[in-house]
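According to full-length UniProt numbering, numbering within the sequence shown proceeds without interruption in unit steps and concludes at 672. Virtual Cβ for every residue (Gly too), placed ideally from N, Cα, C. What follows is a set of notes on a single structure, which appears directly below.
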Amino acid sequence: GGSLVTEGTVSSGDLVAFVLYELQFSSAVEIFEYVDRQPHVPPEGTLAPQKLEGYVQFKNVIFTYSTREDTPVLKGLSLELRPGQITALVGASGAGKSTCVSLLERFYLPQEGEILLDGQPLNSYKNQYLHDQISVVSQEPVLFARSGKENIKYPAYDATDEEMYQAAELDNAHKFISDLPNGYDTDAGEKGGQVSGGQKQHIAVARAPIRQPRILVLDDVTSNLDTESEHLVHQALLNDSNPCSVLLIAHKLSTVEKANHIVVLEEGKKGGTYADLVNRQNTGFQRKEGEELNN
Ligand code: ATP
């Protein structure tokens, strides 16, 4: 059952095979204890330092999903996320951008190479600590069937209403939330149905900085938003008052304009094609609004 401990997802087939294997010499109680321990999360470490810079290094990371051993996704990727700087990660669909995020969140372990946080292996930190330090905003945010207020404050319920309003205001979400039938108490979840897709995105954006993460990941957050909304989202998340390390995953050239560094993911490593495209843009190359990088 080694793969159960080191991989992020467990298919029901894996689980059945594992249980059948374990049944040979374990009691049912032991098996359920094992399952209860969430075997899909790699073993955690003990580090939980009071102060974290948020300096991330991927060093020659090689990663293959266990269900697709014939297709390695990352083949020696190196990249850095520096405090106060924005690193854009671009690349064609399926290049492995979201996989990098999963590795950073430690849902999977690389087979080779290492991921360091402030110089220490990611594995040496406590899970809860890591998840408090890393804030990921994805393209399809998960909101709870709770009020906008609870959704923005999650997971920093001790944030004051004032802090919440500030976060919402920055993101320009304050006005539309105030206009909802019950304002901040309106149900923002699926069942509520009173909040549009774009508005959900804004709520998810407003909640990202509220717990002051050291590492902020924007996974294709603005690809479905218009230019004006994208500008607001960037203003809310990429301002100097929150000098964390930012990983910005994007398709559009206009999205990576704010980045300090651009890493192009190609063939599972740092590549060059899109970097050339971006360089051309920086040296006066004229692009059309919303031009896709992976065309
Ligand atoms: P996109 O821009 O379309 O979101 P991406 O660059 O984020 O793509 P990933 O989602 O990281 O790419 O996927 C990289 C490769 O890994 C793809 O071939 C994908 O099919 C595969 N993959 C992603 N998740 C899994 C998984 N859980 N199990 C097996 N293969 C996966």
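Item to check | Contact test: T464 Cβ vs the ligand ATP heavy atom, cutoff 7 Å | outcome: Because no heavy atom of the ligand ATP lies under 7 Å away, the Cβ of T464 does not count as near it: no.
Next on the checklist: When you measure from the CB of S475 to every non-hydrogen atom of the ligand ATP, does any distance come out below 7 Å?
Outcome noted: At least one heavy atom of the ligand ATP sits closer than 7 Å to the Cβ of S475.
Item to check | Span of the beta strand (DSSP E), counted from its first residue to its last, around D535 | outcome: No beta strand (DSSP E) contains D535, which DSSP labels as neither H nor E.
Next on the checklist: Cutting at 6 Å between CB atoms, please list the residues of its own chain near N549, excluding the five before and the five after it.
Outcome noted: Apart from sequence neighbours up to five positions away, the residues of its chain that approach N549 with a beta-carbon distance below 6 Å are L609, ordered along the chain.
Checklist entry - Out of V633, S524, I511, which has the shortest C-alpha to C-alpha gap to A565? => result Minimum Cα distance to A565 is reached at S524.
Item to check | Endpoints, the beta strand (DSSP E) within which N437 is located | outcome: Per DSSP, N437 belongs to the beta strand (DSSP E) from 433–440.
Checklist entry - Looking only at C-alpha atoms, which of Q589, D495, Q516, Q510 sits nearest to E540? => result Closest by alpha carbon: Q589.
Checklist entry - Would you call S573 buried or exposed, if buried means 16 or more other Cβ atoms sit within 10 Å of its Cβ? => result It is exposed - the Cβ of S573 has fewer than 16 other Cβ atoms within 10 Å.
Next on the checklist: With H, G and I counted as helix, E and B as strand and the rest as coil, what does DSSP make of L602?
Outcome noted: In the three-state reduction of the DSSP assignment, L602 falls in the coil class.
Item to check | Inter-residue spacing [alpha-carbon to alpha-carbon] between Y561 and I554 | outcome: In a straight line, the C-alpha of Y561 is about 6 Å away from that of I554.
Checklist entry - How about Y442: is its Cβ closer than 7 Å to a heavy atom in the ligand ATP? => result At least one heavy atom of the ligand ATP lies less than 7 Å from the C-beta of Y442.
Checklist entry - For A425, which three-state DSSP category applies? => result Three-state result, A425: coil.
Checklist entry - So, helix, strand or coil for L458, using DSSP? => result In the displayed model, L458 falls within a strand according to three-state DSSP.
Checklist entry - Where does the unbroken beta strand (DSSP E) through T444 begin, and where does it stop? => result Run containing T444: none; DSSP gives neither H nor E here.
Next on the checklist: Can you tell me whether D597 is helix, strand or coil according to DSSP?
Outcome noted: DSSP places D597 in the coil class of the three-state scheme, outside both helix and strand.
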